[in-house]
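A.B. asks: This structure is in structure tokens; I'll ask about it shortly.
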Amino acid sequence: MENILYSMAGILIPFIGTTLGSSLVLFMKKNLTEKFTKMIVGFAVGVMIAASIWSLILPAVEMSQEQGKIAWLSASLGLIAGVVFLIVINKLSDKFQKEGKGKRPNMLMLSVTLHNIPEGMAVGVCFAGFLAGNAGIAFIEAIVLALGIAIQNIPEGTIISMPLKMSGTDKKKAFLYGVLSGIVEPIAAIVTILLTNIVVPILPFLLAFAAGAMIYVVVEELIPEMHEGTKSTLGVIGTTIGFVIMMVLDIALG
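Residue numbers (this note's numbering): 6 to 259.
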């Protein structure tokens with residue numbers, strides 16, 4: 006019983022990271038300059054590209070290898086499926102929404118939320134191994150993974166809540182939406198613990214699927230916006246900063 010309680014507390018750690026990142030929107034000023042907007046959009050591009058590579062695609066390839074499968078197959082199929090899924094969602098969104106206002110932040114939130122699901126599953130796999138007692142996974146190893154993902158989730162929470170605020174959403178609502186994007190992680194972790202034998206074999210596909218969704222949003226929504234008007238160089242600087250931060254976090258804590 007004690008191990009179950011420890012595990013339940015552990016799987017909440019990544020969610021706390023997302024919440025902390027989303028809370029930064031509460032300190033934003035009412036009027037944002039074009040320079041700041043370009044930097045934030047660029048930062049989101051860098052974070053999402055780096056997260057797609059180091060948090061999703063590379064782990065998908067490594068997991069496929071460990072499972073004795075063709076290393077690139079699940080990652081390729083998942084990546085394509087993720088892009089196609091977002092294309093379909095985008096087309097459906099166009100049918101129900103005549104104006105484009107608010108569309109990009111919503112797509113951004115969707116892609117990051119999809120990204121959080123397999124990350125939550127990865128945490129669930131570790132705690133499932135700890136609870137099983139025979140998988141060679143110690144509690145401290147599961148906690149370290151959860152802490153690593155939590156730290157990575159801080160900038161991810163930020164890139165959801167801040168664009169929502171910039172699109173006209175109330176600060177408190179933007180914060181709430183950022184928090185909700187992270188709540189899927191503990192839910193996914195719990196489902197994985199309960200259904201480990203079913204979920205683990207398809208986890209490489211799901212990781213790559215989330216990467217495809219994020220790449221679609223970067224190419225279709227964020228990069229074009231970053232180059233609208235002037236100050237696009239600031240967007241490139243923001244992209245570099247976001248990419249480097251997520252790359253360092255993923256490598257150091259992965």
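Don't be surprised by glycine CBs; every beta carbon is placed ideally from N, CA and C.
Predicted, not measured: the structure shown is a model, and the values here were computed from it.
Can you tell me whether T42 is buried or exposed, with buried defined as 16 or more other CB within 10 angstroms of its CB?
C.D. replies: The residue is buried, with at least 16 neighbouring Cβ atoms inside 10 Å.
A.B. asks: On a CA-only basis, which of S186, I164, F144 is nearest L115? Give me that one, please.
C.D. replies: The candidate whose alpha carbon is nearest that of L115 is S186.
A.B. asks: Taking the CB atoms as reference points, tell me whether L254 and A65 lie closer together than 7 Å.
C.D. replies: Cβ distance not < 7 Å, so L254 and A65 don't count as in contact.
A.B. asks: Evaluate the contact criterion for the segment 6-19 versus the segment 140-160: three or more CB pairs, one atom per stretch, below 8 Å.
C.D. replies: The segment 6-19 vs the segment 140-160: in contact.
A.B. asks: Going by the CB atoms, is the gap between F48 and G247 shorter than 7 Å?
C.D. replies: In this structure, F48 lies closer than 7 Å to G247 by Cβ.
A.B. asks: Return the residue from the list A133, Y11, K34, P123 that minimises the CA-CA distance to A215.
C.D. replies: If we check each option's Cα against that of A215, P123 comes out closest.
A.B. asks: Figure out for me which residue from V224, S60, L78, K177 has the closest Cα to the Cα of M251.
C.D. replies: Taking only the C-alpha atoms, the option nearest M251 is S60.
A.B. asks: To the nearest angstrom, how far is it from the Cα of L200 to the Cα of A137?
C.D. replies: Distance between the alpha carbons of L200 and A137 is about 13 Å.
A.B. asks: In this structure, does DSSP put W59 in helix, strand or coil?
C.D. replies: Of the three classes helix, strand and coil, the one that applies to W59 here is helix, per DSSP.
A.B. asks: Which residues mark the beginning and the end of the alpha helix (DSSP H) in which P229 is found?
C.D. replies: P229 -> alpha helix (DSSP H) spans 228-231.
A.B. asks: Could you say which of N8, V224, I220 lies nearest to L119 if we only look at CA atoms?
C.D. replies: Looking at the Cα atoms, I220 is the closest of the given residues.
A.B. asks: With S172 as the anchor, note down where its alpha helix (DSSP H) starts and where it stops.
C.D. replies: No alpha helix (DSSP H) contains S172, which DSSP labels as neither H nor E.
A.B. asks: Look at G243 and M112 and say whether their C-beta atoms are less than 7 Å apart.
C.D. replies: The answer is no: Cβ separation not under 7 Å.
A.B. asks: Measure from the alpha carbon of L63 to the alpha carbon of each residue in V204, T245, F210, I228, then state which is nearest.
C.D. replies: Closest option to L63, Cα to Cα, is F210.
A.B. asks: Thinking C-beta only, is T197 closer than 7 Å to V189?
C.D. replies: Result no, Cβ atoms of V189 and T197 do not sit closer than 7 Å.
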